[in-house]
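Written out below as structure tokens is the structure these notes cover.
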Amino acid sequence: MSEAVVIQLIVTAGALVAIILGKVKLDRIGRDARVSREQTANEHADAEYPNLRDELTAMRGEVSAGLGRLEAGQKRHDSEIGGIRHAQRQQTDALARLDERMEGRDAEQRREHAVLAKRLDDHLTPTT
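Here my numbering is used: position 56 in the sequence shown is 169, and no number is missing along the way.
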């Protein structure tokens, strides 16, 4: 066999291997594409949008508007919570001041009772 024939057989065998491997790869890609199409196609009879991309594009405005309403509600809640915290701090401060006044009055009453008790003891003690 001549050298040219051997080279031609090697080239032909290499081309056949490349064709077979390429076909296997293309078949795998085709299967993946069919699976992807099945998962994204909207096959309902009354479907407004033919595929998932069109449906998502159409929903973008609705989602954006919903997000705007959600953010506005969040800001309102933050403001309301801030007001509640402020009122709570005011009440806590008022209670602390009331506690201080009550403690002062209790101490004053104890002093008055002590003075009265001493005067009563002095009055009731017989003098010699």
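Beta carbons: idealized from backbone N, C-alpha and C, even for Gly. In this text the structure is predicted, and so the values were computed from the model without any measurement.
_Test item: CB-CB of L139 and T153 under 8 Å_ = Translated into the one-based positions of the sequence shown, residue 139 becomes position 26. Translated into the one-based positions of the sequence shown, residue 153 becomes position 40. It is not a contact, given that the beta carbons lie outside the stated cut-off.
*What's the gap between the Cα of G179 and the Cα of G217?*
On the sequence shown, residue 179 is found 66 positions in, with the first residue counted as 1. On the sequence shown, residue 217 is found 104 positions in, with the first residue counted as 1. Roughly 57 Å between the two C-alpha positions.
*What separation, rounded to the nearest whole angstrom, lies between the Cα atoms of G135 and R141?*
Numbered from its first residue, the sequence shown carries residue 135 at position 22. Numbered from its first residue, the sequence shown carries residue 141 at position 28. Rounded to the nearest angstrom, the two C-alpha atoms are 10 Å apart.
_So, for S177: in the same chain, excluding its five sequence neighbours on each side, which residues have a beta-carbon less than 8 Å away from its beta-carbon?_
Along the sequence shown, one-based indexing puts residue 177 at 64. Within the same chain, S177 has no close Cβ partners at all.
*Grab the span of the alpha helix (DSSP H) containing E151 for me, first residue to last.*
As a first step, residue 151 is located in the sequence shown; it is residue number 38 there, counting from the start. Run containing E151: 116-153, per the alpha helix (DSSP H) assignment.
*What are the boundary residues of the alpha helix (DSSP H) that D159 is part of?*
If you number the sequence shown from 1, residue 159 lands on position 46. Run containing D159: none; DSSP gives neither H nor E here.
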